[in-house]
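Trainee: Take 335 as the starting number for the sequence shown in my numbering and just add one per residue. Yeah, the Cβ is synthetic: ideal placement off N, Cα and C, and Gly gets one too. Sharing a structure, written as structure tokens. Questions coming.
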Amino acid sequence: MSDIIQLLPDHVANQIAAGEVVQRPASVVKELLENAIDANATEIKLIIKDAGKTLVQVIDNGKGMSVTDARLSFERHATSKISAAEDLFQLKTKGFRGEALASIAAIAHVELKTKQAEDDLGTAIIIEGSEVKSQEVTVTPTGSSVAVKHLFFNIPARRNFLKSDAVELRHITDEFHRVALAHPNIAFSFYHNGNDLFNVPQENYRQRVVHIFGTKTNEKLVPVEEETEVLKISGFVGKPNFSKKTKSEQFFFVNQRFIKSPYLNHAIKSAFEGLLKEGYHASYFLNLTVDPKSIDINIHPTKTEIKFDDEHTLYAILRSAVKHSLGQFNIAPVLDFEHQSNLNTPYEYKDKKASTPAIEVDRSFNPFQDESAVKVRSTSHNTGFKSAPTASWDSLYVGLESKGNNSSSEFSQVTFESETKNESIFSDSSIETTKTTFQLQQKYIVSTLKSGMLVIDQNRAHQRILYENFLKHITIKEATSQQLLFPLELHYTPNEIKIIDSLKSDLEHTGFVFSELNANGITITGVPVGVPESEVSIILEQLISDVENDVPDTNFSAADLLAKSMAKSLAIKNGQSLNSTEQEHMVNSLFACKEPNVSPTNRPTFITMAVDDIEKKFM
335 MSDIIQLLPD
345 HVANQIAAGE
355 VVQRPASVVK
365 ELLENAIDAN
375 ATEIKLIIKD
385 AGKTLVQVID
395 NGKGMSVTDA
405 RLSFERHATS
415 KISAAEDLFQ
425 LKTKGFRGEA
435 LASIAAIAHV
445 ELKTKQAEDD
455 LGTAIIIEGS
465 EVKSQEVTVT
475 PTGSSVAVKH
485 LFFNIPARRN
495 FLKSDAVELR
505 HITDEFHRVA
515 LAHPNIAFSF
525 YHNGNDLFNV
535 PQENYRQRVV
545 HIFGTKTNEK
555 LVPVEEETEV
565 LKISGFVGKP
575 NFSKKTKSEQ
585 FFFVNQRFIK
595 SPYLNHAIKS
605 AFEGLLKEGY
615 HASYFLNLTV
625 DPKSIDINIH
635 PTKTEIKFDD
645 EHTLYAILRS
655 AVKHSLGQFN
665 IAPVLDFEHQ
675 SNLNTPYEYK
685 DKKASTPAIE
695 VDRSFNPFQD
705 ESAVKVRSTS
715 HNTGFKSAPT
725 ASWDSLYVGL
735 ESKGNNSSSE
745 FSQVTFESET
755 KNESIFSDSS
765 IETTKTTFQL
775 QQKYIVSTLK
785 SGMLVIDQNR
795 AHQRILYENF
805 LKHITIKEAT
815 SQQLLFPLEL
825 HYTPNEIKII
835 DSLKSDLEHT
845 GFVFSELNAN
855 GITITGVPVG
865 VPESEVSIIL
875 EQLISDVEND
885 VPDTNFSAAD
895 LLAKSMAKSL
905 AIKNGQSLNS
915 TEQEHMVNSL
925 FACKEPNVSP
935 TNRPTFITMA
945 VDDIEKKFM
């Protein structure tokens, strides 16, 4: 037999590696930004076109590369970050695997321009699908400029799996947030299709958080500081009353590297125990500094997962540090819920010595003295109080005997709060029994059919009813609105404001009225009829969450997405009690819908049980 094992060509191996390293345009953004940071850049510019499908370009003012380094950087396992295996245990750079540029060049058109400070001219290299097209001398500023064009041009299947531009742009924005938050000492700018999305200067960490998530974020932040021999913690957590339904504002950085750790996230959740409403998540922006030898980063090419030597100690320190900050800044409630804050000792009196109080005793006071004598003595002391005359104890019984004869008649008219009723197991035939529906465990509505029994999921059924109602209003554009007595002001991050702005016209067709919409927040003066004011923020948060979590696609319109989100937010929840009239209205409204069988998310709204199926249960 002939030999069948052979070495793969380099361009094929690079394409295979690209499947792990480059999953979408956001992966390219992450790798290029981290390379710019490792090059000691102080200013980094990110330029995106068509959500990264057409162009991803990163320009930095770092130290640049020589002619040889520029060419060698696109080879597999070629890196300047490490030189020996021991370096893996004391990593101080972002990259170290030497796979990023080789993988990107295998599936895209890459153009690199770079120059070192001591050189007069730089180098320009053009690579298409791992094939070097040209390498020549060029005039370029100090630093590097990497332009990645036509991503996945030679892998059409991967390109077809990319989501819509809005979804891909959100992933790119998330990666930009992670890198920009980890390095507040570097100035970043972000452009998409010629629009300036972010432009943040060199600043401190609090200013960086505020610049990225909006000016109103400043009042939400509670500082967290703790330093031990094992771990140093710095950063901020959000106040509980500003918690969100999404986890979009949860950031862990270990040695200036963004990570995902469900275990450490549970420590934060435990610290906020009892302070958050159900279904809401705390915001945090925490930097953890540990010994590089105590962590292992080389687990996954994305380097967002880290193994710690002693996770239990980190968990305990992190939890106690967050609880301490919440208590120190009076965020967490004290144990004594009846404690009055006006009884606290003022801060300026903490160093003053307590003086002995003067005690005055009325030595002539006699509790057994007559009332007249007490009056005379009380007038001698000008207290400023006037006491009402108190009747003697025997006056309580005056006339009691005369009422004794009429007591039976008076008590016969007394009505008690509840009386014991002795009823038979079998109801009287005269009682009306026209109820056709009843509620099971406050979750299902059970009704009778000619062929058997009908069981309806009340939450899914109400979602279907509301969904078709909202979709009709959006399509016909004749929704009615109820004006609010006081305008409702809501604050969101710049990215969330853009999402609401893109759906503004559809929201107005459902009945929302916006008087103001700017970078700091929105002002609402009208809401759809039947929508309570307290539910408005929940509806918009659900809508933003659906847009951010890949719900919209090329097959879904904005109107359809909006109708689904509003129906999901306003539908009655399981556990809510309904009277018989509401139950019958729910059944009738459901079967008046065009698609009563499924909810807006294509889940069944009801099931039927035939009489034959019920009879089989008794056989």
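What's the C-alpha gap between F940 and L788?
Mentor: By one-based count along the sequence shown, residue 940 stands at place 606. By one-based count along the sequence shown, residue 788 stands at place 454. Computed Cα separation, rounded: 7 angstroms.
Trainee: Quick check on N936: buried or exposed, where buried means 16 or more other Cβ atoms within 10 Å of its Cβ?
Mentor: Looking up residue 936 in the sequence shown gives position 602. Exposed: under 16 other Cβ atoms inside 10 Å.
Trainee: Got a sec, what are the start and stop residues for the alpha helix (DSSP H) Q662 sits in?
Mentor: The residue you call residue 662 lines up with position 328 of the sequence shown. Note, Q662: alpha helix (DSSP H), E645 to Q662.
Trainee: Taking three-plus beta-carbon pairs below 8 angstroms as touching, is the segment 430-446 in contact with the segment 471-480?
Mentor: yes
Trainee: Got a sec? Which residues, its chain only, sit under 6 angstroms from K594 by beta carbon, not counting five neighbours each side?
Mentor: For the purposes of this step, residue 594 is identified with residue 260 of the sequence shown, where counting begins at 1. So the qualifying residues of the chain are T638.
Trainee: Using DSSP with H/G/I as helix, E/B as strand and the rest coil, what is K449?
Mentor: In the sequence shown, counting from the first residue as 1, residue 449 sits at position 115. Looking at K449 - three-state DSSP - the assignment turns out to be strand.
Trainee: Tell me whether the segment 915-931 and the segment 776-790 touch, counting them as touching only if at least three CB pairs, one residue from each stretch, are closer than 8 angstroms.
Mentor: yes
Trainee: Considering only the alpha carbon of each residue, which of E823, Y525, R542 and F619 lies closest to I567?
Mentor: One-based indexing of the sequence shown puts residue 567 at position 233. For the residues E823, Y525, R542 and F619, the minimum Cα distance to I567 belongs to F619.
Trainee: Taking one C-beta from the segment 550-560 and one from the segment 830-850 each time, how about it: are there three or more such pairs within less than 8 angstroms?
Mentor: Not touching, per the Cβ criterion.
Trainee: Here's the rule I'm using: 16 or more other beta-carbon atoms within 10 Å means buried, otherwise exposed. How should S712 be labelled?
Mentor: Your numbering for residue 712 matches position 378 in the sequence shown. Here the model assigns S712 a pLDDT of 49, short of 50, so the residue's position is not dependable and the matter cannot be decided.
Trainee: Please return the same chain residues whose Cβ sits closer than 7 angstroms to the Cβ of P828, not counting the five positions on each side in sequence.
Mentor: Residue mapping note: residue 828 aligns to position 494 of the sequence shown, counting from 1. Around P828: G548 and A853.
Trainee: So T814 and G845 are in contact, right, with Cβ under 8 angstroms, and what is the actual spacing, rounded?
Mentor: Along the sequence shown, read from residue 1 onward, the residue named residue 814 stands at position 480. Along the sequence shown, read from residue 1 onward, the residue named residue 845 stands at position 511. Correct: roughly 6 angstroms between the Cβ atoms.
Trainee: Is the beta carbon of L904 sitting closer than 8 angstroms to the one on I878?
Mentor: Residue numbering aside, residue 904 sits at position 570 when the sequence shown is read from its first letter. Residue numbering aside, residue 878 sits at position 544 when the sequence shown is read from its first letter. L904 is not a Cβ neighbour of I878, given a cutoff of 8 angstroms.
Trainee: Could you tell me the boundaries of the alpha helix (DSSP H) in which V473 lies?
Mentor: As a position in the sequence shown, residue 473 is number 139, starting the count at 1. Note, V473: premise wrong, no alpha helix (DSSP H); not H, not E.
Trainee: Does S839 come out as helix, strand or coil in the three-state DSSP assignment?
Mentor: For the purposes of this step, residue 839 is taken as the residue at position 505 of the sequence shown. Residue state, collapsed to three classes: helix.
Trainee: For G386 and V356, which I take to be in contact (beta-carbon distance under 8 angstroms), what is that distance rounded to the nearest angstrom?
Mentor: The sequence position of residue 386 within the sequence shown is 52, counting from 1. The sequence position of residue 356 within the sequence shown is 22, counting from 1. Going by Cβ atoms, the distance from G386 to V356 rounds to 11 angstroms, so no, they are not a contact pair.
Trainee: I'd like the list of long-range same chain contacts for K806, defined as Cβ closer than 8 angstroms, with 5 residues on each side in sequence excluded.
Mentor: The residue given as residue 806 occupies position 472 in the sequence shown. Cβ within range, chain order: n/a, list empty.
Trainee: Can you grab the Cα-Cα spacing for the pair E462 / F486, in whole Å?
Mentor: In the sequence shown, counting from the first residue as 1, residue 462 sits at position 128. In the sequence shown, counting from the first residue as 1, residue 486 sits at position 152. Their Cα atoms are separated by approximately 11 angstroms.
Trainee: According to DSSP, is D880 part of a helix, a strand, or is it coil?
Mentor: By 1-based counting over the sequence shown, the position of residue 880 is 546. D880 falls in the helix class under three-state DSSP.
Trainee: What are the start and end residues of each continuous beta strand (DSSP E) run of 3 or more residues lying completely inside the segment 352-383, in chain order?
Mentor: 377-383
Trainee: Hey, out of T551, D643 and Q541, whose CA is closest to P626's CA?
Mentor: Along the sequence shown, read from residue 1 onward, the residue named residue 626 stands at position 292. For P626, the nearest C-alpha among the options comes from D643.
Trainee: Tell me the DSSP bridge mates of K483?
Mentor: Here residue 483 refers to the residue found at position 149 when the sequence shown is read from its first residue. Bridge partners of K483: L389 and H443.
Trainee: Tell me the DSSP secondary structure of L598 in three-state form.
Mentor: Counting from one through the sequence shown, the residue named residue 598 turns up at place 264. If DSSP states are grouped into helix, strand and coil, L598 belongs with the helices.
Trainee: Considering only their Cβ atoms, is the gap separating V656 from I602 smaller than 8 angstroms?
Mentor: Position 268 of the sequence shown, counted from the start, is the residue given in the question as residue 602. Position 322 of the sequence shown, counted from the start, is the residue given in the question as residue 656. For I602 and V656, yes; Cβs fall inside 8 angstroms.
Trainee: With H, G and I counted as helix, E and B as strand and the rest as coil, what does DSSP make of H796?
Mentor: As a working mapping, residue 796 is identified with position 462 in the sequence shown. Looking at H796 - three-state DSSP - the assignment turns out to be helix.
Trainee: Given T474, which residues of its chain have a CB within under 6 angstroms of its CB, disregarding the five upstream and five downstream residues?
Mentor: As a first step, residue 474 is located in the sequence shown; it is residue number 140 there, counting from the start. Only K447, K449 and G456 meet the Cβ criterion.
Trainee: Quick check on S933: buried or exposed, where buried means 16 or more other Cβ atoms within 10 Å of its Cβ?
Mentor: Working through the sequence shown from its first residue, we reach residue 933 at position 599. Residue burial is scored here from C-beta neighbours: S933 has at least 16 other C-beta atoms within 10 angstroms and is therefore classed as buried.
Trainee: Assign Y614 to one of three DSSP states: helix, strand, or coil.
Mentor: By one-based count along the sequence shown, residue 614 stands at place 280. The answer is coil: DSSP assigns Y614 none of H, G, I, E or B.
Trainee: Taking the alpha-carbon positions, what's the K364 to L912 distance?
Mentor: Indexing the sequence shown from 1 puts residue 364 at position 30. Indexing the sequence shown from 1 puts residue 912 at position 578. Answer to the nearest angstrom: the Cα atoms are 51 angstroms apart.
Trainee: Taking three-plus beta-carbon pairs below 8 angstroms as touching, is the segment 829-836 in contact with the segment 857-869?
Mentor: Verdict: no, contact absent.
Trainee: Counting only the same chain and skipping the five closest in sequence on each side, list residues whose C-beta sits under 8 angstroms from that of N374.
Mentor: Within the sequence shown, residue 374 is the residue found at index 40, counting from 1. Result list for N374: G396 and K397, in chain order.
Trainee: So what does DSSP say about Q775, is it helix, strand or coil?
Mentor: In the sequence shown, counting from the first residue as 1, residue 775 sits at position 441. If DSSP states are grouped into helix, strand and coil, Q775 belongs with coil.
Trainee: What residue does the beta strand (DSSP E) around Y525 start on, and which one ends it?
Mentor: Working through the sequence shown from its first residue, we reach residue 525 at position 191. That run of the beta strand (DSSP E) goes A521 to H526.
Trainee: For A688, does the count of other Cβ atoms within 10 angstroms reach 16, so buried, or fall short, so exposed?
Mentor: What you label residue 688 is simply residue 354 of the sequence shown in a count that begins at 1. The residue is exposed, with fewer than 16 neighbouring Cβ atoms inside 10 Å.
Trainee: Anyone know if the C-beta pair for A516 and V534 falls short of 8 angstroms?
Mentor: Taking the first residue of the sequence shown as position 1, residue 516 is located at position 182. Taking the first residue of the sequence shown as position 1, residue 534 is located at position 200. Taking 8 angstroms as the Cβ cut-off, A516 and V534 do not qualify as a contacting pair.
Trainee: Which residue from Q584, A521, I546 and L660 puts its Cα closest to that of G608?
Mentor: Along the sequence shown, read from residue 1 onward, the residue named residue 608 stands at position 274. If we check each option's Cα against that of G608, L660 comes out closest.
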